[in-house]
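Structure first, commentary second.
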Amino acid sequence: MILQITYRINKKKHASIWALQVKNILGSPLVEGFEYNYRIQSIVESKTIVVLPVLSYKIEF
Numbered sequence: 022m023i024l025q026i027t028y029r030i031n032k033k034k035h036a037s038i039w040a041l042q043v044k045n046i047l048g049s050p051l052v053e054g055f056e057y058n059y060r061i062q063s064i065v066e067s068k069t070i071v072v073l074p075v076l077s078y079k080i081e082f
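Each residue of the sequence shown is one higher than the one before, counting from 22 in the working numbering.
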């Protein structure tokens, strides 16, 4: 799930847009791959949780 917040400033000759996106906001685990676990003698999934914030600026003429 992605959360996005935008802020737009309109001027006579241009417009400025600031945006903040937060990707994977719910923290769903992502499977990176598989690895062998020597303790339990089997292959297990390697998972990680990545929450990625993205800040952007755009100018329109």
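From the three backbone atoms N, C-alpha and C, an ideal C-beta is built for every residue, glycine too.
Take the alpha-carbon of serine 37 and the one of leucine 24: they are about 20 Å apart. Phenylalanine 82 and threonine 69 have their alpha carbons spaced roughly 41 Å apart.
Pairing isoleucine 26 with leucine 73, the inter-Cα distance amounts to about 14 Å.
In the three-state reduction of the DSSP assignment, asparagine 31 falls in the strand class, which pools E and B.
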